[in-house]
Amino acid sequence: NFDFSDLEFKPFTISGKVVGVQATRTFSNGYGISVIKHAYSYGGLKGYYELAVLDKNGELTYSTPITNDVLGWLTPEDVTKHGRAVQQL
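Just so we're aligned, residue -9 is where the sequence shown starts under my numbering, counting upward by one.
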């Protein structure tokens, strides 16, 4: 099962400037997640993560039972929980 520790974070840039970190993970069902933490993400300035669900083309999707938006203010444990839910879609 997916765990937060499986993620490999890389620098996240906006307009060529590194503003935080991002990791993506694709699961065997074709869905994936994008996890970010930066000054403009929900909770990023407080050390929390934001998670978006990715469809089978790697694009953001808002039409899964997980959420109709991005999920913000997440702890690593929250990311694990939601990542596992995406893994089970």
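The beta carbon of each residue, even a glycine, is placed where N, CA and C say it ideally should be.
- For residue 75, the uninterrupted alpha helix (DSSP H) segment begins and ends at 66 to 77.
- Cα atoms of residue 51 and residue 76: separation of roughly 11 Å, rounded to the nearest angstrom.
- Beta bridge pairing from DSSP links residue 39 with 64.
- For the pair residue 20 and residue 49, the Cα-to-Cα distance works out to about 11 Å.
- Of the residues 1, -7, 44, 59, the one whose Cα lies closest to the Cα of residue 29 is 1.
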